[in-house]
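Some notes on the structure that comes next.
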Amino acid sequence: MQPFTKAVIAIIKAIPEGRVMTYGQIAEQAGSARGARQVVRILHSMSEAHGLPWHRVVNAKGEIAVLDDESRFKQQLYLSGEGVETDDDGRIDLERYRHRPASENDGWLGSSEQD
DNA sequence: AGTGTGACTTGGG
DNA sequence: ACCCAAGCCACAC
Numbered sequence: 070m071q072p073f074t075k076a077v078i079a080i081i082k083a084i085p086e087g088r089v090m091t092y093g094q095i096a097e098q099a100g101s102a103r104g105a106r107q108v109v110r111i112l113h114s115m116s117e118a119h120g121l122p123w124h125r126v127v128n129a130k131g132e133i134a135v136l137d138d139e140s141r142f143k144q145q146l147y148l149s150g151e152g153v154e155t156d157d158d159g160r161i162d163l164e165r166y167r168h169r170p171a172s173e174n175d176g177w178l179g180s181s182e183q184d
């Protein structure tokens, strides 16, 4: 398995409940700033095998990117179950729910505070 | 080897 | 805020 793939998997698994990350963000953290589409591919093919929280991954606009209606619905359901509010169009307030990965010695916790 | 495709992103109008 | 065009990169045909 490629290092990039492993990194992406690790990053996604590290997203806490009630938080989301964008494809581009994940790609950047994994070392490939323009690898958003590869993140998609990995998510698509490895999420089940690795038990990844795929529902915590959204696009740069903060909206649910999944195509299938059924999956979209499940994603919204999971998110709302974790306290992430989505509007009728499946949009999420990124300012509020985006997960910001820490660089451990910066002394800053990984996520933004909410409420 | 060339072409098409996608759960993306950014920049412009 | 919304829609569109171009850029991107690995993978499937």
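The opening position of the first sequence corresponds to residue 70 in the working numbering, with each subsequent residue numbered one higher. Glycine included, C-beta positions come from ideal geometry on N, C-alpha and C.
Am I right that Ala-96 and Ala-105 are in contact with their C-beta atoms under 8 Å? What's the rounded C-beta distance?
5 Å
Three-state secondary structure assigned by DSSP to Arg-125
helix
By DSSP, does Val-153 sit in helix, in strand, or in coil?
coil
Where Glu-164 sits in the DSSP three-state scheme:
helix
Beta bridge counterpart(s) of Val-89 as assigned by DSSP:
As DSSP reads the structure, Val-89 sits in a beta bridge with Arg-167.
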